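Let me begin by presenting the structure, written as structure tokens, before commenting on it.
There are 2 protein chains.
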Amino acid sequence: MTRGVLSVLLILGAILSVFATGKQYIPKTGKRIPETLSRGWGDQLIWAQTYEEALYWSRSRNKPLMVVFHLADCPHSQAFKKIFANSYDIQKTLDEDFIVLNLMYETTDSNLRPDGQYVPRILFVDPSMTVRADIVSRYSNRKHAYEPQDEKLLRENMEKAKKLLKQEL
Amino acid sequence: MTRGVLSVLLILGAILSVFATGKQYIPKTGKRIPETLSRGWGDQLIWAQTYEEALYWSRSRNKPLMVVFHLADCPHSQAFKKIFANSYDIQKTLDEDFIVLNLMYETTDSNLRPDGQYVPRILFVDPSMTVRADIVSRYSNRKHAYEPQDEKLLRENMEKAKKLLKQEL
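Protein chains in written order, with the numbering used here: chain A, 32 to 200; chain B, 32 to 200.
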């Protein structure tokens with residue numbers, strides 16, 4: 032009996048809320064799931080939306096910035112994303128010590144493509160706003176590319192990026 | 032009985048999936064809900080992430096671009112967002128005829144702030160990459176600001192933006 036009353040109340044509530052907020056727009060192709068800023072690279076991280084925003088956060092919080100360039104239809108990006116998003120150590124260190132940004136389109140700053148526009152590509156930026164092109168992966172023709180077996184190398188490079196340029200001088 | 036077996040299977044599945052994917056990172060402050068690109072301005076729209084991306088989409092699809100500048104802690108932004116996100120007509124027209132971008136940080140392009148950096152502020156950009164500073168609201172001191180009572184005015188301005196510059200020539 033109580034269940035029946037509850038059901039009726041729930042349905043009434045649903046009807047009332049539709050009237051209160053008006054007709055909601057749903058695309059002809061069906062309801063969409065909103066895209067997240069993480070795009071699957073770590074749902075627990077606080078991602079900057081744009082490079083300008085990321086630089087501002089990096090400077091004001093004195094934390095290095097990691098920029099991940101990727102593409103939705105690139106199998107190399109997808110394979111590395113899986114490792115990246117599921118690595119407890121990478122995610123924890125990024126959350127605590129880094130500003131993070133992932134981009135599918137190039138920025139106007141050519142310093143972020145020191146050896147070309149391939150994906151996946153990871154660049155570090157010091158809070159002094161200097162792109163750390165000196166922090167490289169193992170591929171001589173794509174110095175900032177990472178593959179699934181490079182999780183340990185990325186973690187080592189993150190440690191390098193954490194040693195801020197100003198502190199080294 | 033069937034329920035009991037199902038429960039056991041579900042628990043086993045959950046345990047196995049944890050082992051398969053390893054330890055997931057959860058921040059000390061608790062699990063976060065991932066931020067969406069819509070940021071509450073319309074979950075059914077396909078939002079560009081950056082201005083570069085939005086300009087590319089606008090040019091390649093020959094659709095005008097709407098850029099919404101806002102701030103999370105600005106009550107005027109929040110009040111107008113409610114009207115904007117719940118307007119069937121605004122959402123439908125944006126989905127079908129516009130490229131959309133919402134930003135909380137300024138870009139490097141000063142054309143997007145023809146009379147200053149206030150929020151909420153809405154600018155239209157023609158697919159020819161010309162910022163339509165001529166499409167204005169009713170406030171002489173903040174020509175691209177909109178308030179909750181300006182839903183109709185915004186819809187009229189959207190119609191103006193849909194008449195592309197090249198077609199007018």
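Every residue, glycine too, gets a C-beta built ideally from N, C-alpha and C.
This one's a predicted model, so the numbers in the text were calculated from it and none came from an experiment.
For Y149 (chain B), the closest of B:K194, B:L132, B:R63 and B:K174 by C-alpha to C-alpha distance is B:K174. Taken in chain order, the whole beta strand (DSSP E) runs of length 3 or more contained in the stretch 54 to 114 of chain B are 96 to 100. Nearest neighbour of V156 (chain B) by Cα position, chosen from B:D104, B:L68 and B:D140, turns out to be B:D140.
Rounded to the nearest whole angstrom, the CA to CA distance from M97 (chain B) to R169 (chain A) is 42 Å. Taking S108 (chain B) as the centre and dropping the five residues before and after it, the same chain places the C-beta of H101, L102, V150 and P151 closer than 8 Å to its C-beta, in chain order.
Per DSSP, I121 (chain A) is not a residue of any beta strand (DSSP E); the alpha helix (DSSP H) it occupies stretches across Y119 to D128. For the 9 Å CB-CB criterion, L134 (chain B) and Q80 (chain A) form a contact.
Taking P145 (chain A) as the centre and dropping the five residues before and after it, the same chain places the C-beta of A164 closer than 6 Å to its C-beta, in chain order. N172 (chain A) carries a coil assignment under DSSP once its states are collapsed to helix, strand and coil.
One thing to note: E182 (chain A) has its Cβ no nearer than 9 Å to the Cβ of F129 (chain A). With a beta-carbon spacing of about 5 Å, Y136 (chain A) and E83 (chain B) fall inside the 8 Å limit used to define contacts.
In the displayed model, L154 (chain A) falls within a strand according to three-state DSSP.
Of the residues B:D104, B:M160 and B:T67, the one whose Cα lies closest to the Cα of L196 (chain B) is B:M160. For the stretch 88 to 105 of chain B, the set of residues with a beta-carbon nearer than 9 Å to any beta-carbon of chain A is empty. Considering only beta carbons, the part of the stretch 137 to 168 of chain B lying closer than 8 Å to chain A consists of E137, T138 and T139, in chain order.
DSSP places L195 (chain B) in the coil class of the three-state scheme, outside both helix and strand. By the criterion of a C-beta distance shorter than 8 Å, W88 (chain A) is surrounded in its chain by A79, K94, L96 and I130, once the five residues flanking it on both sides are discounted. Under a criterion of Cβ atoms nearer than 7 Å, the residues of chain B adjacent to I57 (chain A) are, in order, Q75. Put simply, the CB of N117 (chain A) is near chain B, with a gap under 9 Å to one of its CB atoms. The alpha-carbon separation between I77 (chain A) and P65 (chain B) amounts to approximately 8 Å. Excluding residues up to 5 positions away in sequence, G71, W72 and H101 lie with their Cβ nearer than 7 Å to the Cβ of K112 (chain B) in the same chain.
Here the alpha carbons of E127 (chain B) and Q180 (chain B) stand approximately 24 Å from one another. Under DSSP, V162 (chain A) shares a beta bridge with A:V156. Among the bridge pairs identified by DSSP, V131 (chain B) is matched with B:W78 and B:M97. Within the same chain, Cβ atoms closer than 7 Å to the Cβ of L143 (chain B) are found at V98, L154 and V162, the five residues on either side in sequence being excluded. In this structure, the CA atom of S91 (chain A) is about 29 Å from the CA atom of N117 (chain A).
For a Cβ distance threshold of 8 Å, nothing in chain B lies close to M189 (chain A): the least Cβ distance comes to about 14 Å. The C-beta of Q122 (chain B) comes closer than 9 Å to at least one C-beta of chain A. Chain order gives the chain A residues near K54 (chain B) as Y119, where near means a beta carbon separation below 7 Å.
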